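Written out below as structure tokens is the structure these notes cover.
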Amino acid sequence: MSQYIQQLTPTVETWTYLFVTVTFFVYLAIGWSARVRETRGFFIAGQGIPSIANGAATAADWMSAASFISMAGMISFLGYDGAIYLMGWTGGYVLLALLLAPYLRKFGKYTVPDFVGDRYYSSTARVMAALAAIFISLTYVAGQMRGVGIVFSRFLGVDIASGVVVGMLIVGFFAVLGGMKGITWTQVAQYVVLITAFLVPAFALAWRLTGNPVPQLALAFSDILTDLNRLQVELGFNEYTRPFMNKTRLDVLCITLSLMVGTAGLPHVIVRFYTVPSVRAARYSAGWALLFIALLYTTAPALAVFARYNLLTTLNGKTALEVRSHEWVQKWETTGLLSFEDKNDDGRLSLLSDKDANEITIDNDIIVLSTPEVAGLAPWVTALVAAGGLAAALSTAAGLLLVISSSTAHDIYYRLINPKASEERRLWVGRLMILVALGVAGYCGVKPPGFVAQVVAFAFGLAAASFFPLLHLGISACCSP
Amino acid sequence: MAEPTRPADYWRANETLIRGLLVLWAGISLGAGILLAEPLNRFHLGSAPLGFWIAQQGSIFCFVAIIFYYAWRMDRLDRDFGIGE
Numbered sequence: 001m002s003q004y005i006q007q008l009t010p011t012v013e014t015w016t017y018l019f020v021t022v023t024f025f026v027y028l029a030i031g032w033s034a035r036v037r038e039t040r041g042f043f044i045a046g047q048g049i050p051s052i053a054n055g056a057a058t059a060a061d062w063m064s065a066a067s068f069i070s071m072a073g074m075i076s077f078l079g080y081d082g083a084i085y086l087m088g089w090t091g092g093y094v095l096l097a098l099l100l101a102p103y104l105r106k107f108g109k110y111t112v113p114d115f116v117g118d119r120y121y122s123s124t125a126r127v128m129a130a131l132a133a134i135f136i137s138l139t140y141v142a143g144q145m146r147g148v149g150i151v152f153s154r155f156l157g158v159d160i161a162s163g164v165v166v167g168m169l170i171v172g173f174f175a176v177l178g179g180m181k182g183i184t185w186t187q188v189a190q191y192v193v194l195i196t197a198f199l200v201p202a203f204a205l206a207w208r209l210t211g212n213p214v215p216q217l218a219l220a221f222s223d224i225l226t227d228l229n230r231l232q233v234e235l236g237f238n239e240y241t242r243p244f245m246n247k248t249r250l251d252v253l254c255i256t257l258s259l260m261v262g263t264a265g266l267p268h269v270i271v272r273f274y275t276v277p278s279v280r281a282a283r284y285s286a287g288w289a290l291l292f293i294a295l296l297y298t299t300a301p302a303l304a305v306f307a308r309y310n311l312l313t314t315l316n317g318k319t320a321l322e323v324r325s326h327e328w329v330q331k332w333e334t335t336g337l338l339s340f341e342d343k344n345d346d347g348r349l350s351l352l353s354d355k356d357a358n359e360i361t362i363d364n365d366i367i368v369l370s371t372p373e374v375a376g377l378a379p380w381v382t383a384l385v386a387a388g389g390l391a392a393a394l395s396t397a398a399g400l401l402l403v404i405s406s407s408t409a410h411d412i413y414y415r416l417i418n419p420k421a422s423e424e425r426r427l428w429v430g431r432l433m434i435l436v437a438l439g440v441a442g443y444c445g446v447k448p449p450g451f452v453a454q455v456v457a458f459a460f461g462l463a464a465a466s467f468f469p470l471l472h473l474g475i476s477a478c479c480s481p
Numbered sequence: 001m002a003e004p005t006r007p008a009d010y011w012r013a014n015e016t017l018i019r020g021l022l023v024l025w026a027g028i029s030l031g032a033g034i035l036l037a038e039p040l041n042r043f044h045l046g047s048a049p050l051g052f053w054i055a056q057q058g059s060i061f062c063f064v065a066i067i068f069y070y071a072w073r074m075d076r077l078d079r080d081f082g083i084g085e
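Those sequence lines, one after another, are chains A and B. So that you can map any letter, position 340 of the first sequence is 340 in this note's numbering, and since no number is skipped, the others follow by simple counting. So that you can map any letter, position 27 of the second sequence is 27 in this note's numbering, and since no number is skipped, the others follow by simple counting.
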């Protein structure tokens, strides 16, 4: 990491400091202006968020550091099979919009466990639901704080721990002051930052490689897929567009379906639909949310194809000297995310499907992070990508922290331990719980427990198996007591 | 129309709409995008094989359209049954 920083020209670093600082002050200003004094504002933003704004906030809430930084790269290496993430992480919104969101909004209340406890007439069910919400959100938020640390270290040379602490201070400020209201309006701003940061380099790369600036159109209506498929076959890979090469058909089907159902059952997404003024607004809000998400999710597979094509044509079959003449190659080689080894000493580097003979190793994360340089864009675009990655991580972290706070302060403390608590005291406990959750998340970000990676996948499974059936049955079953 | 049957009618119309849209949702994503990906790849949209295009682009556009269509139809249903907030 530190060598990479030395390679950075001062301009990129200056731009990055500027962008990150400016966006952070915007978030702080929004958080201050949206501060609240009552629990209704703190937990459900006073139910006064317009549906388009809630859509943008949901999109920022949903799209994490992984969606922003890693997803296009993962798709690029999976080819067709990358569709599991694309369909899995968007298809759930249809279930959410048709089966859950309008009805939960109609029910009102503050949290998802509220619905479970009241609908099933059981405080045991309420506590179980609160614990499930806390568990799902904690595993998720640890990854986000880690993402914040990584962006800081990669772009600014700050060590991961300090990066995490800066991120904690920013999120802590607007989440503690403004609760759901502060988080929502900050997320709207963060959506704007992250989508601009994702689209600008993608449009530029599409324009450079295909002559069509719109990535979605360039993917279908240029020769790039045909060329990429031909190149892949020449190098001994399977055609990029050929299905089930990395995963079996049954795997693709089951993973997609469980990601869809899991998406619809994630408490930090569901609770966003409590913040709109009406049932009608909840229905439209789901549409806006998916439209805003789709802007990134339909660009990512196009970016994956452009990046793969670009890597194959720039790197394969060239000498090490030729390859290193590209500035971005030198830059990413020093980070260790891109590496070369001329194993057969023929003086040329070959990208091959055979792992033992392959001479070029590429990390998934490079695909998005290197696009501005690959597309030959100005240094400020690289800085924009850094600010976008931070916006993606911080917005998701904030939404998750609020779920942890409302589950402990509202569902467990107020509904179970101290039902006579005054409004002021409940609000105080809510703010305190955000700080506690932030502390735990920060600790996990600095010292990630080894099980986190496996547990994030588990969080989806748990959401799919717990909240989705629980809520769906609670809404649709007409005849239970 | 007798007043007591109206909520039941409203709910039935809503359920029919949801069922139809969910069949469409599953048909496009799980059906065309996954189960039929190989045969559909023989056809092309522009230069993209159709099965691949549906799995990575088309299905997402359809999801957005399905949600907005549902919201729009429910507006009309709310109006027809005089349900407002």
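Note that beta-carbon positions come from the ideal geometry of N, C-alpha and C, so glycine has one too. Keep in mind the model is a prediction, meaning the values are calculated, not measured.
Check: Any chain A beta carbon closer than 7 Å to I83(B); Outcome: no
Check: Beta-bridge pairing of T319(A) - partner residues as DSSP gives them; Outcome: R348(A)
Check: Integer-rounded CB distance, given that V164(A) should sit under 8 Å from V436(A); Outcome: Actually they are not in contact, since the Cβ atoms of V436(A) and V164(A) sit about 16 Å apart, beyond 8 Å.
Check: Delimiting residues of the beta strand (DSSP E) encompassing F237(A); Outcome: Looking at the DSSP string, F237(A) is not in any beta strand (DSSP E), and its letter there is neither H nor E.
Check: Interface residues of chain B facing V94(A) [CB-CB closer than 8 Å]; Outcome: L21, L22, W25, F63, I66, I67
Check: Beta-carbon gap between A72(A) and L303(A) smaller than 7 Å; Outcome: yes
Check: Residue-level contact to chain A via CB, M1(B), 7 Å cutoff; Outcome: With a pLDDT of 45 at M1(B), under the threshold of 50, the modelled position of this residue cannot be trusted; read the value that follows with caution. Chain A, which has no Cβ nearer than 7 Å to the Cβ of M1(B), makes this no.
Check: Short CB-CB distance (under 7 Å) between G31(B) and chain A; Outcome: no
Check: Selected residue, minimal CA-CA separation from H27(B), among P49(B), G58(B), W72(B), S47(B); Outcome: In the sequence on display, residue 27(B) carries Gly and not His. For the residues P49(B), G58(B), W72(B), S47(B), the minimum Cα distance to G27(B) belongs to G58(B).
Check: Any C-beta of chain A under 7 Å from that of I18(B); Outcome: yes
Check: P215(A) burial status per 10 Å Cβ neighbour count (16 or more: buried); Outcome: buried
Check: Whole-number beta carbon distance between P277(A) and V112(A), since they are thought to touch under 8 Å; Outcome: Not really, about 19 Å apart at Cβ, beyond 8 Å.
Check: Where L45(B) sits in the DSSP three-state scheme; Outcome: strand
Check: Closest residue to W25(B) among L77(B), F81(B), P39(B), I67(B) (Cα-Cα distance); Outcome: I67(B)
Check: Start-end ranges of the beta strand (DSSP E) lying completely within the stretch 380-455 of chain A, minimum 3 residues; Outcome: none
Check: Reduced DSSP category for P481(A) - H, G, I as helix; E, B as strand; rest coil; Outcome: Unreliable positioning characterises P481(A) in this predicted model, as indicated by a pLDDT of 35, which lies under 50. The coordinate reading is nonetheless provided below. In this structure, P481(A) counts as coil in the three-state DSSP scheme.
Check: Beta-carbon proximity list for F468(A), same chain, < 7 Å, skipping 5 on both sides; Outcome: V261, A264, G265
Check: Test item: CB-CB of P379(A) and T21(A) under 7 Å; Outcome: no
Check: 8 Å Cβ shell around G430(A) - same chain, five flanking residues per side excluded; Outcome: T39, F42, F43, G179, S405, S406, A409, H410
Check: CB contact check: L45(B) to chain A, cutoff 7 Å; Outcome: yes
Check: Contact between the stretch 183-199 of chain A and the stretch 352-367 of chain A (3+ Cβ pairs under 8 Å); Outcome: no
Check: Chain-ordered neighbours of Y80(A) on chain B, where CB pairs are closer than 9 Å; Outcome: A37, N41, P49, G51, F52, A55, Q56
Check: Alpha carbon of L95(A) to alpha carbon of N316(A), nearest angstrom; Outcome: 44 Å
Check: Residue from F237(A), V166(A), T210(A) whose Cα sits closest to the Cα of S153(A); Outcome: V166(A)
Check: Inter-residue Cα distance where the pair is D342(A) and V192(A); Outcome: 43 Å
Check: Helix, strand or coil at S64(A) [DSSP, three-state]; Outcome: coil
Check: Alpha-carbon to alpha-carbon, I150(A) and A206(A); Outcome: 27 Å
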